[in-house]
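Note sheet for the following structure.
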Amino acid sequence: MMRVAVVDDEPLARSGVIARLASCSDVMVDGEYADGPSALVGLEQRRPDLVFIDVQMPGMTGLEVLAALPPTCRPLAILLTAHDSFAVQAFALNAVDYLLKPVDELRFAEALERARRLLAWHAGGTAAQTPGGAVAEPAWPTRFSVRVGRRSLFVATADIDWIEADGDYVSLHADGRVYLLRESLHHLATRLDPACFVRIHRSTIVRVDRIAELQAQTNRDAMLRLHDGTPLRVSRTYIDTLLARLHGASS
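In the UniProt record's numbering, the protein residues as written are 1 to 251.
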């Protein structure tokens, strides 16, 4: 059972997150806080597995709460905000995800699934310690097996430029070719290394280092162009996470 806390100074926002979590049989809400100081005390005492936490709150921001917690007490965090200027700092605190209000249902489910995967990985005892004592990152898949006629081909993850949803499959665009993989885009998004791949649309994932150009649109959507010239649309739901990844890749 995953123990989750919810922190937001807006009662409707808190109740909205709790209502979504109520449909998850493997989740127990273990703490609800309306401000930063009470959240800091509660999180340190109760030590939940995951916290949904608002970034902007009076007195103490969500990021300040996370930064003030000792690393051993800091839960996985999914950041919630109505603003778009905190993503880079959020990922610097190893946040699982960053959701822009009003929260999209699919993005909420994707972020929660990523948290499940990380918690299962730690609980499974595969969180090996590095020589310096830090916990190593989970092993992301390095290749995918795809069927081409009667043959099984292996597509290296490093060769994938972008991925698009295709019914019950996804299309892997790699080295100028397209391969069908029987897996939903939603599930695949939780299995890819978030430092290398980022979702930019409900139907599209792109490899960050393949992005050559980004052009903002008037409706807060954007268009990006890959190094091979492929144009892809970025929806406003995903633009802030994309900007954070691009900022991190260039720093």
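From the three backbone atoms N, C-alpha and C, an ideal C-beta is built for every residue, glycine too.
It should be emphasised that the depicted structure is a prediction, and the values quoted were computed from it without experimental measurement.
Unbroken alpha helix (DSSP H) run spanning residue i, endpoints
| i | result |
| --- | --- |
| leucine 112 | 105 to 123 |
| histidine 173 | Counting along the chain, histidine 173 falls outside any alpha helix (DSSP H), though it belongs to the beta strand (DSSP E) covering 169 to 174. |
| glutamate 32 | Where glutamate 32 is concerned, there is no enclosing alpha helix (DSSP H), although the beta strand (DSSP E) it sits in stretches over 27 to 33. |
| serine 38 | 36 to 46 |
| histidine 186 | 185 to 191 |
| alanine 68 | 62 to 68 |
| serine 15 | 11 to 22 |
Identity of the residue in the options nearest residue i by Cα
| i | options | result |
| --- | --- | --- |
| valine 96 | Arg116, Tyr179, Ile163 and Ala82 | Arg116 |
| leucine 192 | Met223, Ala156 and Ala77 | Ala156 |
| threonine 61 | Cys73, Glu44 and Thr81 | Thr81 |
| valine 4 | Asp30, Leu43 and Tyr169 | Asp30 |
| residue 262 | Arg150, Glu64, Glu113 and Leu50 | In the structure as shown, the chain starts at 1 and stops at 251, and residue 262 therefore has no counterpart that could be examined. |
| tryptophan 121 | Met28, Thr237, Val41 and Asp49 | Asp49 |
| valine 148 | Leu181, Arg47, His247 and Gly167 | Leu181 |
| threonine 230 | Leu153, Asp221, Glu213 and Glu32 | Glu213 |
Cα-Cα separation between residue i and residue j, rounded to whole angstroms
| i | j | result |
| --- | --- | --- |
| alanine 195 | proline 37 | 31 Å |
| valine 6 | isoleucine 163 | 33 Å |
| arginine 233 | valine 146 | 26 Å |
| tyrosine 169 | serine 203 | 11 Å |
| aspartate 9 | alanine 68 | 18 Å |
| methionine 57 | alanine 39 | 11 Å |
| glutamate 44 | cysteine 73 | 6 Å |
| alanine 109 | tyrosine 179 | 26 Å |
| leucine 100 | aspartate 240 | 8 Å |
| threonine 218 | aspartate 161 | 27 Å |
| leucine 224 | aspartate 175 | 18 Å |
| alanine 165 | valine 198 | 14 Å |
| arginine 245 | alanine 123 | 27 Å |
| alanine 77 | glycine 167 | 31 Å |
Integer Cβ distance of residue i from residue j, believed to fall under 8 Å
| i | j | result |
| --- | --- | --- |
| histidine 227 | arginine 210 | 6 Å |
| valine 206 | isoleucine 200 | 5 Å |
| valine 103 | proline 75 | With 8 Å as the limit, valine 103 and proline 75 do not qualify as a contact, their Cβ atoms being about 19 Å apart. |
| leucine 79 | valine 55 | 6 Å |
Residue i classed as buried or exposed, judged by whether at least 16 other C-beta atoms fall within 10 angstroms
| i | result |
| --- | --- |
| leucine 12 | exposed |
| proline 141 | exposed |
| histidine 173 | buried |
| alanine 158 | exposed |
| alanine 19 | exposed |
| leucine 63 | buried |
| phenylalanine 144 | buried |
| methionine 2 | buried |
| glutamate 118 | The amino acid at residue 118 is misidentified as glutamate; the sequence shows leucine. Classification for leucine 118: buried. |
| leucine 243 | buried |
| leucine 153 | exposed |
Bounding residues of the beta strand (DSSP E) (the contiguous stretch that carries residue i)
| i | result |
| --- | --- |
| alanine 212 | 211 to 216 |
| arginine 225 | 222 to 226 |
| proline 231 | 231 to 234 |
| arginine 199 | 197 to 201 |
| valine 146 | 143 to 148 |
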